[in-house]
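Please read the structure below before turning to the comments.
There are 2 protein chains.
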Amino acid sequence: FKCVLAFVMCSQIPSGLPQPSGENPDPPQTVNVVVMVPFEGEYLFRRDVIQPGVEYALRTLRRNDGPLTRDLQFNVTYRNSQCNRKAALEAVDFYYGQCGTSDVTNSMTSPLLFLGPVCNDATSMVATFAGKWNVPVISPGSHAAWIIPGEEYPMLTRITPSYIDLAYFIHNVFVMLNHGVTYPVHLIYEDREEDSECHNLMQAVYSVFHNDAVVLQVTTRHAISDVTFHAESFIADIGYPNVVLMCASSPLVRKVMLAASAHGVAVPGRNEWYAIDLHNDSYYAAGAWKQGDEQDLKAKIAYRALQVITFIVTKTPEFNRFSTTILNEYRSRGVTHSETQQVNEYVEGFHDAIMLYARALNATMNQGLDIRNGTSVSANMRNITFQGISGPVTIDLYGDRNGDYSIIGMKNIETGTFEKVIDYYG
Amino acid sequence: FKCVLAFVMCSQIPSGLPQPSGENPDPPQTVNVVVMVPFEGEYLFRRDVIQPGVEYALRTLRRNDGPLTRDLQFNVTYRNSQCNRKAALEAVDFYYGQCGTSDVTNSMTSPLLFLGPVCNDATSMVATFAGKWNVPVISPGSHAAWIIPGEEYPMLTRITPSYIDLAYFIHNVFVMLNHGVTYPVHLIYEDREEDSECHNLMQAVYSVFHNDAVVLQVTTRHAISDVTFHAESFIADIGYPNVVLMCASSPLVRKVMLAASAHGVAVPGRNEWYAIDLHNDSYYAAGAWKQGDEQDLKAKIAYRALQVITFIVTKTPEFNRFSTTILNEYRSRGVTHSETQQVNEYVEGFHDAIMLYARALNATMNQGLDIRNGTSVSANMRNITFQGISGPVTIDLYGDRNGDYSIIGMKNIETGTFEKVIDYYG
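Quick note, the sequences are listed as chains A and B, same order.
Take the first sequence: its letter number 310 is residue 310 in the UniProt record's numbering, and every next letter is one higher.
Take the second sequence: its letter number 113 is residue 113 in the UniProt record's numbering, and every next letter is one higher.
The following block contains the structure:
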């Protein structure tokens with residue numbers, strides 16, 4: 001008889017986890033979390049970089065004053081997402097991998113949460129399967145405009161703001177700062193590969209601006225690259241007056257600003273030149289006029305006309321503790337990470353994702369619902385604000401993070417330092 | 001004991017089918033084929049359209065003089081590919097769906113072949129899983145340049161020519177007909193959606209031409225659409241002399257040719273205007289100057305300068321029998337299909353895929369290898385020529401079909417009919 005039972009359990013797994021049957025289901029004691037990140041490569045969210053953040057969060061959960069009100073054991077497995085569609089192989093392997101072994105009577109070998117992937121193609125596939133399996137996915141990435149939580153990916157929650165969210169902020173700023181003057185808006189991005197961050201961001205900006213063509217005329221996007229780019233002819237081409245929004249590495253932004261300044265079209269106070277700094281790191285570092293060459297002085301003057309759009313980074317005491325701990329872990333484990341020696345936003349995202357999930361588990365159990373039902377748990381991750389490691393995190397009705405953004409500009413023209421012009425809390 | 005055995009078999013399925021262990025393995029009697037096509041929508045390869053072609057092929061296999069030399073039972077299952085990434089859900093469901101039931105001791109519930117999908121995203125995912133499972137995939141589609149059989153998709157064979165194959169043909173023709181004159185080549189395509197046939201084709205053409213920039217200068221691609229397209233300014237923009245390659249619906253091709261003729265740049269005999277007819281059907285029908293309006297005469301004159309690149313369709317007696325049978329099936333089953341009342345190339349592709357697979361099964365068994373080993377079977381589908389329903393089909397070393405193409409032009413300027421200028425057998 002036991003054998004027959006085992007068969008039945010096994011055959012049930014492919015058709016979805018057991019649904020809650022009535023009130024007060026017996027909650028499982030073990031929560032299987034599958035963390036999906038690349039194990040190798042130059043990723044800010046590579047396994048060894050984000051793992052200390054995950055472990056920090058799990059330690060917080062085990063504290064007496066932690067967010068988890070009941071005793072649940074978190075069982076975390078790392079699987080290699082490879083940052084591409086092959087992440088689906090790993091997710092399927094984990095989901096079905098136990099089928100047929102003697103473990104199948106313990107349904108807790110099933111995943112209750114996918115944490116990650118971060119890359120768009122990987123998330124698209126894992127969230128597609130997770131939607132069928134009724135398992136939540138929290139991604140600290142997957143920012144592309146074509147990934148839309150809700151109908152297409154019902155189990156997906158994004159713990160960091162999408163590019164569409166950022167695009168709406170930029171749109172609002174342009175409408176506000178330019179007083180409704182309908183200059184053409186040029187979108188300029190460094191296009192090194194099809195799926196690059198700047199490419200995806202500009203697609204989002206284009207779609208948001210395009211839907212509001214009455215107020216701002218967005219031009220076709222300009223893809224530029226460091227190899228082919230001739231700043232002089234480019235500035236002549238785009239015409240004047242206009243608004244220029246750039247997403248590019250800091251040397252390329254500097255080239256554009258130097259050319260604009262030489263053509264007399266970089267005028268401070270006219271709100272015409274913008275660059276996006278996606279990571280507060282040295283790659284984009286759009287405010288970095290200083291490169292230590294003979295053009296530094298010219299660049300400093302040119303950058304008076306530039307404003308930089310970036311994410312708000314709040315340095316709370318809690319974040320400083322987190323940051324110190326993570327950086328210590330990096331040192332003791334020999335992790336090579338971002339050159340800025342800061343804890344990056346993905347580490348923060350993975351940490352906050354676990355906090356969000358723990359809160360949702362509490363809420364689900366308090367509602368008398370089964371935490372194995374991803375729909376119930378996901379519903380408790382929507383339309384809420386909670387305390388993340390660096391401040392309040394708001395997730396909207398559809399499972400998308402509301403972003404907090406800053407615009408910085410050169411406030412001190414002597415020193416050339418960039419300081420806040422606008423802070424916006426989404 | 002029987003129960004334990006069942007468990008063991010079940011747990012083996014996720015880690016791959018049993019590999020051949022030594023010589024002369026006992027061949028299975030049942031071959032499970034999963035046909036993956038959309039069940040609904042305006043697809044030329046919708047289930048009800050291609051199913052008669054599959055059944056025709058299976059009847060041929062059962063004939064005494066058929067290509068199968070041993071008695072194998074084909075068990076064909078249709079699964080809805082939805083023409084998108086969700087095809088992976090169906091493939092995984094089929095593969096793991098039997099796990100845990102009493103059927104698991106019969107490993108022949110496992111798929112031995114995926115026939116389809118046709119759509120790029122669907123094939124990409126199914127072939128990714130099939131690569132892990134060691135199951136061949138034969139696709140009568142998946143033509144996009146980014147899908148490359150071999151390393152990335154080791155189990156994939158394409159039974160119809162890829163766009164890269166067509167692009168190489170076009171490149172060779174341009175080099176040959178234009179005698180090495182380095183005019184700019186303008187790629188003009190109707191871009192109604194991101195993943196449209198013309199979009200994907202032009203990406204392939206661009207990449208092939210771009211790799212050979214010495215001989216032909218390819219310009220940036222021009223995306224046009226029927227809504228925004230102003231033929232007059234367009235012709236003025238592209239300059240002269242040049243070579244223009246179009247992939248667009250027949251009314252749009254006609255608009256361009258009328259404008260070119262009015263500007264005096266449509267000169268017969270100069271080999272400058274080309275259109276691609278992807279289906280020999282009325283949608284592209286690039287040779288169709290006649291639309292029954294007052295511009296027919298002007299269009300007939302303009303089309304003297306146009307050459308049309310298309311696929312060779314051979315009307316063998318065997319193909320005529322096939323075609324008659326399929327069209328009868330459509331009538332008796334009430335299938336609505338291509339408006340031209342012809343059997344389309346996907347129906348032919350699904351048929352030929354089964355012929356190719358049957359030949360490969362024979363060869364694999366004759367080699368004393370296990371037909372459950374997809375690598376062995378796939379190897380027997382490479383580097384061969386066999387008789388398809390409308391003539392010889394050649395698959396190259398990597399699993400890609402070599403295409404046969406025609407260029408047609410207006411040979412009779414009185415009647416305005418298009419006839420063959422070049423036939424090319426790949």
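Virtual Cβ for every residue (Gly too), placed ideally from N, Cα, C.
Inset, instruction - Give the DSSP bridge partners of B/G334, in chain order. - result: Beta bridge pairing from DSSP links B/G334 with no other residue.
Inset, instruction - Compare the C-beta of A/V31 against all C-beta atoms of chain B and say whether one is closer than 8 Å. - result: Output row for A/V31: interface = no.
Legend entry - Three-way DSSP call (helix, strand, coil) for B/G131 in this model: Reduced to three states, the DSSP call for B/G131 is helix.
Legend entry - Inter-residue spacing [alpha-carbon to alpha-carbon] between A/S102 and A/A275: Residue placement at A/S102 is poorly supported in this model, since its pLDDT is 40, which falls under 50; the coordinates still yield a value, given next. So the alpha carbons of these two residues sit roughly 57 Å apart.
Inset, instruction - Starting from B/V34, follow the beta strand (DSSP E) in both directions and report where the run begins and ends. - result: T30 to V37
Legend entry - Cβ contact (3+ pairs, closer than 8 Å) linking the stretch 79 to 90 of chain B and the stretch 111 to 120 of chain B: yes
Inset, instruction - Could you have a look at A/N328 and say whether DSSP puts it in helix, strand or coil? - result: helix
Inset, instruction - Measure the alpha-carbon distance for residue 430 of chain B versus B/V208 and round it to whole angstroms. - result: Not covered by the structure: residue 430 of chain B. The range shown for chain B is 1 to 426.
Inset, instruction - State yes or no: is the C-beta of B/M125 within less than 8 Å of the C-beta of A/M246? - result: no
Inset, instruction - List the residues of chain B that A/F129 touches, going by C-beta distances under 9 Å, in chain order. - result: A88, L89 and V92
Inset, instruction - Look at the Cβ atom of B/N362, then the Cβ atom of B/L68, and state whether they are nearer than 8 Å. - result: It is a contact, given that the beta carbons lie within the stated cut-off.
Inset, instruction - Check whether the stretch 295 to 302 of chain A touches the stretch 358 to 375 of chain A, taking contact to mean three or more Cβ pairs, one atom from each stretch, closer than 8 Å. - result: no
Inset, instruction - Enumerate in chain order the residues of its own chain whose CB-to-CB distance from B/T143 is below 6 Å, with the five nearest sequence positions on each side excluded. - result: Per the sequence shown, residue 143 of chain B should be read as His rather than Thr. The answer, listed in chain order, is S162 and Y163.
Legend entry - Beta-ladder partner(s) of B/I309, from DSSP: B/I276 and B/I407
Inset, instruction - Could you check what DSSP says for A/C83 in three-state terms: helix, strand or coil? - result: coil
Inset, instruction - Could you pull out every residue in the same chain whose Cβ sits closer than 8 Å to the Cβ of B/V54, ignoring the five residues on either side in sequence? - result: V35, V76, L115, F350, H351 and I354
Inset, instruction - Return the bridge partner residues of A/N75 from the DSSP annotation. - result: A/N32
Inset, instruction - Report the option in A/E190, A/T417, A/P317 and A/I408 whose CA atom is closest to the CA atom of residue 427 of chain A. - result: With chain A represented from 1 up to 426, any question about residue 427 of chain A goes unanswered, as that position is not in the structure.
Legend entry - Partners in chain A for B/M125, counting only beta-carbon separations shorter than 8 Å: R85, A88 and M125
Inset, instruction - Quick one: grab the DSSP three-state call for A/N383. - result: coil
Inset, instruction - Determine the direct distance from the alpha carbon of B/N32 to that of B/D71, and round the result to whole angstroms. - result: 14 Å
Inset, instruction - Out of A/S261, A/V49 and A/R254, state which residue places its alpha-carbon closest to the alpha-carbon of A/A236. - result: Taking only the C-alpha atoms, the option nearest A/A236 is A/S261.
Legend entry - Where A/G66 sits in the DSSP three-state scheme: coil
Legend entry - Cutoff 8 Å: A/K132 Cβ touching any chain B Cβ: yes
Inset, instruction - Pick out whichever of A/F74, A/F418, A/A130 and A/Q73 has its Cα sitting closest to the Cα of A/D93. - result: When only C-alpha atoms are compared, the closest one is A/A130.
Inset, instruction - Using beta-carbon positions only, say whether A/G409 and A/F169 come within less than 8 Å of one another. - result: Contact flag unset, no.
Inset, instruction - Closer than 7 Å by C-beta to A/P268: which residues in its own chain qualify, once you throw out the five before and the five after it? Chain order, please. - result: Setting aside the 5 residues that flank it on each side, A/P268 is surrounded in the same chain by R304 and A305, each with a C-beta closer than 7 Å to its C-beta; the list follows chain order.
Inset, instruction - Quick one: give me the first and last residue of the beta strand (DSSP E) that B/K420 is part of. - result: T417 to Y425
Inset, instruction - Determine the direct distance from the alpha carbon of A/N271 to that of A/Q307, and round the result to whole angstroms. - result: 8 Å
Legend entry - Limits of the beta strand (DSSP E) - the one that B/E348 falls within: Taken as a continuous stretch (DSSP letters only), B/E348 belongs to no beta strand (DSSP E), being part of the alpha helix (DSSP H) at E345 to N366.
Legend entry - Coil, strand or helix - A/H186 by DSSP: strand
Legend entry - Own chain partners of B/C198 with C-beta closer than 6 Å, once the 5 adjacent residues on each side are dropped: Cβ within range, chain order: Y189, E190 and C247.
Legend entry - Pairwise C-alpha distance: A/L187 and A/G416: 25 Å
Legend entry - Nonlocal neighbours in the same chain, by C-beta distance under 8 Å from B/R382, ignoring five residues either side: T157, I395, D396, L397, Y398 and G399
Inset, instruction - Give the DSSP bridge partners of B/T157, in chain order. - result: B/I138
Inset, instruction - Have a look at B/Y386 and B/Q341 and give me their C-alpha separation to the nearest angstrom. - result: The residue asked about is misnamed: residue 386 of chain B is Phe in this sequence, not Tyr. Going from the Cα of B/F386 to the Cα of B/Q341 covers about 27 Å.
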